[in-house]
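Comments concern the structure below.
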Amino acid sequence: MGEQKKLLIVNDDGLHSSGMLHLEKELSRDFEVWAVCPDRERSATSQAITIRETLRLTHVEGRHYHVNGFPADCVNVALYAGVFPRFDIVVSGINHGVNLGDDVHYSGTVGAARHAAVHRLIAVAISSINRDHAGSFRRPAKWLRQWLRLNLEHLKQEFVYNINYPFEPHDIAGDAPFPEAEVTRHGRRLYLDEYELLEESVTGDASDDSFPLAGRSGVLRLKETIMGREVVEGTDFYAVEHGRVSITPLSLSTFDVEEMEFLRNLMMPA
Numbered sequence: 071m072g073e074q075k076k077l078l079i080v081n082d083d084g085l086h087s088s089g090m091l092h093l094e095k096e097l098s099r100d101f102e103v104w105a106v107c108p109d110r111e112r113s114a115t116s117q118a119i120t121i122r123e124t125l126r127l128t129h130v131e132g133r134h135y136h137v138n139g140f141p142a143d144c145v146n147v148a149l150y151a152g153v154f155p156r157f158d159i160v161v162s163g164i165n166h167g168v169n170l171g172d173d174v175h176y177s178g179t180v181g182a183a184r185h186a187a188v189h190r191l192i193a194v195a196i197s198s199i200n201r202d203h204a205g206s207f208r209r210p211a212k213w214l215r216q217w218l219r220l221n222l223e224h225l226k227q228e229f230v231y232n233i234n235y236p237f238e239p240h241d242i243a244g245d246a247p248f249p250e251a252e253v254t255r256h257g258r259r260l261y262l263d264e265y266e267l268l269e270e271s272v273t274g275d276a277s278d279d280s281f282p283l284a285g286r287s288g289v290l291r292l293k294e295t296i297m298g299r300e301v302v303e304g305t306d307f308y309a310v311e312h313g314r315v316s317i318t319p320l321s322l323s324t325f326d327v328e329e330m331e332f333l334r335n336l337m338m339p340a
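The opening residue of the sequence shown carries number 71 in the numbering used here; numbering runs sequentially from there.
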């Protein structure tokens, strides 16, 4: 029997999250699994990395480590700190809550997987709508193990395979058939954010009443985000809302060929 491939688990929820622990339990059957995760919850940090401050890598136990940085920092440290083996695949998750549509631009879970793809590794991000109890992540972890066993040799390094697992009742039998899977494009979100003004102080000419903080500074807190969505057939939203596992291949190429051609036909300064 050949040597096991080495798999890195990262997330944005920390080492002791149920999603990570279930993922490790399942994937350890087929891979040599290491976990390098943030030392605290780091949602909505996208692909941010620490470039000027120091990072602390802490060995917790076994093959578990945490880093006082962002999810993408965890990938970077695992690849380049010189203390870990060479990894074949990076799996980020299981995130507590879905990463659908434009969520992928903000998600620390997807950001960590994207960072792995940038560095020429097979990269998978997995999220689950089931987050009510510890057992919510058992079946998504089992599903991913089977999917990797069937498809790993065909996966490409220049993509993030963004997987979202749909709702299932908490009492579903462990050996029940998995939901149908669908390859999707990511849909569109509509974010409506509301901020709460906690403190304000006068810092200049406050006589201009044309806008609320004229001449003032304030301390704000994001109070609420209302998230709309594009539930159109073929999108990740549609698949998950219809009880299917959504698999969306996210390319590292972020340019648009049609828009390039359009821009070439515009007038340019001479």
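Using N, Cα and C, we set each Cβ at its ideal position, and we do this for glycine too.
- Valine 147 sits in a helix when the DSSP states are folded into three classes.
- Setting aside the 5 residues that flank it on each side, arginine 156 is surrounded in the same chain by Lys76, each with a C-beta closer than 8 Å to its C-beta; the list follows chain order.
- Looking at the DSSP output, asparagine 232 shares a beta bridge with Ala195 and Thr318.
- Within the same chain, Gln117, Ala142 and Val145 come within 6 Å of histidine 185 by CB-CB distance, once the 5 residues on both sides are set aside.
- Residue nearest to arginine 259 within the set Asn221, Ser206, Arg299 and Glu269 is Arg299 (criterion: CA-CA distance).
- Between phenylalanine 307 and valine 301, the gap from beta carbon to beta carbon is short of 8 Å.
- The Cβ neighbour count for serine 162, taken over all protein chains shown within 10 Å, is at least 16; the residue is labelled buried.
- The beta carbons of serine 197 and glycine 171 sit about 12 Å from each other, so the pair does not count as a contact at 8 Å.
- When Tyr176, Asp173 and Thr295 are compared, the shortest CA-CA separation from leucine 262 is found for Thr295.
- Contact between alanine 309 and glutamate 252 holds: CB atoms are separated by about 4 Å, below the 8 Å threshold.
- Taking every protein chain shown into account, the CB of glycine 313 has fewer than 16 other CB atoms within 10 angstroms, so this residue is exposed.
- Look at leucine 214 here: in three-state DSSP terms it is helix.
- Bounds of any alpha helix (DSSP H) do not take in serine 162; it lies within the beta strand (DSSP E) bounded by 159-166.
- Beta bridge pairing from DSSP links histidine 136 with Cys107 and Thr128.
- If you ignore the 5 residues before and after proline 236, its C-beta comes within less than 7 Å of the C-beta of Ile199, Pro249, Val310, Gly313, Arg314 and Val315, all in its own chain and listed in chain order.
- The beta-bridge partner set that DSSP reports for isoleucine 121 is empty.
- Separation of asparagine 165 and aspartate 82 (C-alpha to C-alpha, rounded to the nearest whole angstrom) is 7 Å.
- Restricting attention to Leu220, Gly84 and Ala151, the CA atom closest to the CA of valine 130 is found in Gly84.
- Methionine 297 is bridged by DSSP to Tyr261.
- Cα atoms of asparagine 221 and arginine 215: separation of roughly 10 Å, rounded to the nearest angstrom.
- Just so you know, the alpha carbons of tyrosine 265 and glycine 288 end up roughly 11 Å apart.
- Taking alanine 114 as the centre and dropping the five residues before and after it, the same chain places the C-beta of Tyr176 closer than 6 Å to its C-beta, in chain order.
- Checking the DSSP bridge columns, you'll see isoleucine 242 has no partner listed.
- Here threonine 124 is exposed, its C-beta having fewer than 16 other C-beta atoms within 10 Å.
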